[in-house]
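See below for the structure under consideration.
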Amino acid sequence: MSKPKALITRPLFPAARAILDQHFEAEYWTPQERIPRSELLKRVADKDALVCLLTEKVDEELLALAPKLRVAATVSVGYDNIDVPACTRHKVVAAHTPGVLDETTADFAWTLLMAVARRLIEGDAWMRSGTWPGWDLDQLLGGDVWGKTLGLIGFGRIGRGMARRAQGFQMRVLYHDAVRAPAEVERELRSEFADFDRLLRESDFISLHVPLLPETRHLISTPAFEKMKRTAHIINTSRGPVVDEAALAAALEQRKIAGAALDVYEHEPKVNMALIARKDVVLAPHIASATIETRTKMAVMAATNAAAVVEGRRPPNALNADAIEKE
Ligand SMILES: NC(=O)c1ccc[n+]([C@@H]2O[C@H](COP(=O)([O-])OP(=O)(O)OC[C@H]3O[C@@H](n4cnc5c(N)ncnc54)[C@H](O)[C@@H]3O)[C@@H](O)[C@H]2O)c1
369 MSKPKALITR
379 PLFPAARAIL
389 DQHFEAEYWT
399 PQERIPRSEL
409 LKRVADKDAL
419 VCLLTEKVDE
429 ELLALAPKLR
439 VAATVSVGYD
449 NIDVPACTRH
459 KVVAAHTPGV
469 LDETTADFAW
479 TLLMAVARRL
489 IEGDAWMRSG
499 TWPGWDLDQL
509 LGGDVWGKTL
519 GLIGFGRIGR
529 GMARRAQGFQ
539 MRVLYHDAVR
549 APAEVERELR
559 SEFADFDRLL
569 RESDFISLHV
579 PLLPETRHLI
589 STPAFEKMKR
599 TAHIINTSRG
609 PVVDEAALAA
619 ALEQRKIAGA
629 ALDVYEHEPK
639 VNMALIARKD
649 VVLAPHIASA
659 TIETRTKMAV
669 MAATNAAAVV
679 EGRRPPNALN
689 ADAIEKE
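Per my numbering, residue 369 is the first one in the sequence shown, and the count goes up by one each step.
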């Protein structure tokens, strides 16, 4: 009997390929450049499964062109690239990779926080320029991290990872979330629920951990910057459009806040030119989950999600299995 067919938009890692090759006649997109949309639409047309990255959109157009498709598994926890209701309408199981990247992503958000607070990137550039004259009392003065107030917007898996890290730095932690955490979680993580405005007013570091949704697009824009401390820093490892980049550049220029550290951008891979020009901004190329261990786990999880569907099982990380079963 012939195997079901899968399109995988990157060669992934050997551990994930082993699962996919066992279950599918697997077609991998191997060129270095990202799969063009036209190729994606052409190649997915006769497939039973799609394993994709956050850079590929699974939308009505794609689903309509892939009548045999049963599963779309993204190698990411954020799934704003997948139109889940459209998948449900087409009886395609959508799946993502929650849980395996929490600590790695929180590690990196913390890296960005430290880098912007302590001006590491400016210091690195100075050393490489060969112009550093040696130690002096008032060079590259940053701000303390320890003992300050951390404001977490989004207190899910990754936001809570940040709260755990903050304890080691003796920080006060405020969080804002659409859903208040259970009291025992607040106690264990020594984190206090705050409304959005209070969090903005009182935090020294504001770190974003919400998914990209219509309600979170431009959540951080001019009105939010107006409320922040002039000494505040903002860290974004969530999704780029959560921050209005033009408003961020203006807030920095007008000294409404002190700095920003970004891993994600409003129009990836483009970055607002006004931000590129600034020394008070740290820019990373969307690498918060980029460790060998974590990216391998994510790829294996996506492969496992796809394999489960063709084995007639509910994928461990399905986003719409309930909705499909109800129909
Ligand atoms: N930079 C990266 O490489 C990278 C890596 C991992 C995750 N991410 C992003 O981080 C996001 C968070 O990941 P997670 O695993 O912690 O997700 P999660 O679902 O565990 O947590 C998200 C939290 O945001 C809250 N939330 C949703 N809408 C909100 C709103 N309007 N206002 C306030 N809170 C709201 C939810 O209640 C939830 O507690 C992902 O959706 C993804 O986009 C980025």
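Just so you know, even glycine gets a beta-carbon here, dropped at the ideal spot from N, CA and C.
Here the structure is a predicted model, which means the values were calculated and not measured.
Cα-Cα separation between residue i and residue j, rounded to whole angstroms
i	j	result
Ala676	Phe381	19 Å
Val412	Pro653	28 Å
Glu661	Val513	28 Å
Ala463	Arg623	42 Å
Thr456	Arg496	53 Å
Leu542	Gln390	47 Å
Thr584	Val610	6 Å
Arg517	Arg487	Note that residue 517 corresponds to Thr in the displayed sequence, not to Arg. So the alpha carbons of these two residues sit roughly 19 Å apart.
Leu587	Leu643	18 Å
Val484	Ala477	11 Å
Gly527	His577	6 Å
Arg558	Met530	12 Å
Val650	Ala628	6 Å
Ala475	Gly524	Looking at the sequence provided, one finds Asp at residue 475 rather than Ala. Roughly 15 Å separates the two Cα atoms.
Ala434	Thr479	41 Å
Pro453	Glu429	13 Å
Ala432	Lys425	13 Å
Ile692	Gly680	13 Å
Met666	Leu469	7 Å
Residue i - containing beta strand (DSSP E), residue span
i	result
Thr584	From DSSP, Thr584 is part of no beta strand (DSSP E); its letter is neither H nor E.
Thr442	Val439 to Thr442
Asn604	His601 to Asn604
Ile450	Note, Ile450: premise wrong, no beta strand (DSSP E); not H, not E.
His544	Arg540 to His544
Val649	Val649 to Leu651
Residue from the options whose Cα sits closest to the Cα of residue i
i	options	result
Lys373	Ala394, Met482 and Glu556	Ala394
Asn673	Ala614, Leu431, Thr599 and Ala440	Ala440
Glu490	Ala645, Pro399 and Pro684	Ala645
Asn640	Ala670, Val668 and Gly608	Gly608
Gly544	Pro399, Ser575 and Arg663	Note on identity: in this sequence residue 544 is His, with Gly being the wrong assignment. Selected option, being the one with the closest Cα: Ser575.
Thr423	Ser370, Ile450 and Glu554	Ile450
Val419	Gln400, Ala534, Arg682 and Leu437	Leu437
Leu421	Glu401, Ala432 and Ser370	Glu401
Asp648	Arg566, Ala667, Trp494 and His601	His601
Asp427	Val460, Leu581 and Ile521	Val460
Lys410	Leu388, Thr605 and Leu375	Leu375
Range covered by the alpha helix (DSSP H) that runs through residue i
i	result
Ile697	Since the first residue shown for the chain is 369 and the last is 695, residue 697 is missing from the structure and cannot be characterised.
Val484	Asp470 to Ala485
Ser559	Run containing Ser559: none in the alpha helix (DSSP H); it sits in the beta strand (DSSP E), Ser559 to Phe561.
Val678	Ile660 to Val678
Ile692	Ala689 to Lys694
Leu696	Residue 696 cannot be examined here, being either before or after the span of the chain that is shown, 369 to 695.
Glu401	No alpha helix (DSSP H) contains Glu401, which DSSP labels as neither H nor E.
Heavy atom of ligand 2 within 7 Å of residue i beta-carbon
i	result
Pro579	Among the ligands in the structure shown, ligand 2 does not appear; only ligand 1 can be found there.
Is it true that the segment 613 to 623 meets the segment 588 to 595, where meeting means three or more beta-carbon pairs spaced less than 8 Å apart? yes
Stretch pair the segment 404 to 420 + the segment 631 to 645: three plus CB contacts closer than 8 Å: no
Does the count of Cβ pairs from the segment 498 to 507 and the segment 436 to 453 closer than 8 Å reach three? The segment 498 to 507 vs the segment 436 to 453: no contact.
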